[in-house]
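Below is one structure, written out as structure tokens; comments come after it.
Shown next, in the form of structure tokens:
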């Protein structure tokens with residue numbers, strides 16, 4: 342025993358029984374029990390078990406001041422536990438803690454980063470306090486759920502929140518009986534990419550509202566089918582508040598198996614750069630309330646298999662710079678009143694109360710054709726290089742107005758005839774227009790045309806290929822008239 346010893350454990354005991362009731366006869370004792378080993382032996386204490394955390398704990402996600410989402414490259418966040426009274430709610434309140442997601446794979450899965458201020462449930466792997474992991478998130482008094490419970494208890498909602506804003510994106514499923522719904526809300530843009538086919542089947546109605554523009558690009562073909570029966574409700578209706586433009590770079594075919602009606606409230610222009618064919622197997626009727634102008638720059642050929650009848654309420658004028666040939670296999674008759682001339686194969690019959698030969702008189706002036714410049718202007722505007730025709734209009738607000746247009750441009754072809762246009766505007770002394778008032782337009786060559794002003798007091802536009810003077814007279818019920826005149830000029 343006479344050597345150096347190393348104490349490895351010591352138990353100190355003491356008793357003071359006189360402090361207890363009924364044990365005053367015993368004295369105070371003090372004892373010490375220890376274990377020792379020789380000092381030249383190495384002693385190592387027995388390892389103690391690592392402390393464990395029992396069960397999950399509640400914590401709040403933390404981050405720098407003013408930041409809503411704070412995480413690292415692995416999607417980990419920092420938290421502050423409820424029992425932590427010393428560390429502030431900053432980015433240094435804890436170590437980085439992993440977040441359990443609904444699905445996690447290499448480059449795919451579900452990702453929802455807990456945001457600063459949200460309450461999370463933190464558990465510990467095998468109870469190890471050095472391996473915390475966030476297993477869930479909860480709502481509380483200040484962190485309320487989307488919707489208003491219990492009124493929205495039938496809804497399953499996935500709603501995000503705009504970063505540093507008040508907007509949101511949302512996918513909601515409503516399972517209320519008879520009101521089942523899938524709702525999608527995009528705070529700004531919504532993009533859908535389908536690498537192959539996409540099929541949408543709507544059993545009842547389909548409504549789309551677009552607040553601004555819409556653009557659809559179809560690389561190959563497109564087929565639109567409306568209705569499956571020939572009855573009401575299987576129709577298509579298109580309403581365009583302003584203009585509509587359709588460009589077909591190749592052929593276009595329109596097939597209508599029943600009737601087709603086109604109602605145009607204002608003007609219509611048709612330009613065909615090449616040939617145009619119209620075939621009507623039944624009856625064709627054409628009614629023109631105003632004037633009818635036809636301009637043929639080439640040959641005009643008309644073939645009628647049956648009879649041809651024309652009825653003219655006014656005068657009929659035919660002016661030909663070449664010859665006129667009328668040929669009939671039966672006879673040709675000219676009749677006025679009781680006088681007539683009949684030309685037939687057997688001779689020429691002339692009948693009348695009085696037949697005059699070389700006794701003076703006048704052959705009369707034939708009715709002149711109306712100005713067809715508008716047709717030429719339309720053709721020139723649509724053909725060729727598509728450049729501006731140089732036409733313009735000017736309206737004045739007095740009792741009569743005239744417009745002038747056309748003119749030589751240094752870059753124009755000097756051999757091309759100029760186009761001039763003129764339009765009149767009629768108002769009274771107070772500036773009130775003479776709307777829907779009949780008028781007569783007189784041309785320098787003696788031609789006349791009748792028309793009616795529009796609701797603003799404007800006449801039609803008069804076109805001519807040279808400088809010209811036009812006089813217009815308004816016709817009133819009391820046979821009074823208001824006239825004005827205008828000159829085409831540069």
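Numbering (our numbering), first residue to last: 342 to 831. All residues carry an ideal CB built from backbone N, CA and C; glycine is no exception.
Quick one: residues in its chain with C-beta nearer than 8 Å to the C-beta of residue 511, no 5 flanking neighbours on either side, listed in chain order? 487, 498, 499, 500, 501, 524, 525, 526.
What do you reckon, are the CB atoms on residue 767 and residue 775 nearer than 7 Å? Yes.
Same chain, Cβ closer than 7 Å to residue 432, five either side skipped, listed in chain order: Around residue 432: 403, 404, 405, 411, 419.
Which residues in the same chain as residue 350 place their Cβ atom closer than 8 Å to its Cβ, once the five residues preceding and following it in sequence are excluded? The residues are 375, 376.
Report yes if the CB atom of residue 780 is closer than 7 Å to the CB atom of residue 813, and no otherwise. Yes; because the gap between Cβ atoms is below 7 Å, this pair is in contact.
Helix, strand or coil: how does DSSP classify residue 373 here? Here residue 373 carries a strand assignment [DSSP, helix/strand/coil].
Does the Cβ of residue 809 have 16 or more other Cβ atoms within 10 Å, making it buried, or fewer, making it exposed? Burial call: buried.
Excluding the five sequence neighbours on either side, which residues of its own chain have a C-beta within less than 8 Å of the C-beta of residue 478, listed in chain order? Cβ within range, chain order: 455, 459, 460, 461, 462.
Residues bridged to residue 347 [DSSP beta-bridge criterion]: Paired residues: 378.
Between which residues of its own chain and residue 738 is the CB-CB distance below 8 Å, once the five residues before and five after are set aside? Residue confidence is low: residue 738 scores 35 on pLDDT, short of 50, so the model does not pin down where it sits. Its coordinate-derived value is still stated next. Sequence-distant partners of residue 738 (beyond 5 residues in either direction) whose C-beta falls short of 8 Å from its own C-beta, in its chain, are 766, 768, 772.
Classify residue 459 as helix, strand or coil using the three-state DSSP reduction. In the three-state scheme derived from DSSP, where H, G and I count as helix and E and B as strand, residue 459 is classed as coil.
Whose C-beta lies closer than 6 Å to the C-beta of residue 692 among residues of the same chain, with five residues either side of it excluded? Closer than 6 Å at Cβ, skipping near neighbours: 681.
Helix, strand or coil for residue 359 per DSSP? When secondary structure is reduced to three states using DSSP, residue 359 falls in the helix class.
Given a cut-off of 7 Å on the beta-carbon distance, is the pair residue 508 and residue 528 in contact? Cβ atoms of residue 508 and residue 528: closer than 7 Å.
Beta-carbon gap between residue 465 and residue 473 smaller than 7 Å: Using a Cβ distance threshold of 7 Å, residue 465 and residue 473 count as a contacting pair.
Continuous beta strand (DSSP E) stretch holding residue 527: start and end: Premise fails: residue 527 is in no beta strand (DSSP E) and is neither H nor E.
Give the straight-line distance between the Cα atoms of residue 354 and residue 345, rounded to the nearest whole angstrom. Their Cα atoms are separated by approximately 24 Å.
Outcome for residue 817 when other beta-carbon atoms lying within 10 angstroms are tallied against a minimum of 16: Exposed is the call here.
Spatially closest choice to residue 797 from 577, 777, 561, by CA coordinates: It is 777 whose Cα lies nearest to the Cα of residue 797.
CA-to-CA distance, residue 379 to residue 358, given in whole angstroms: About 37 Å.
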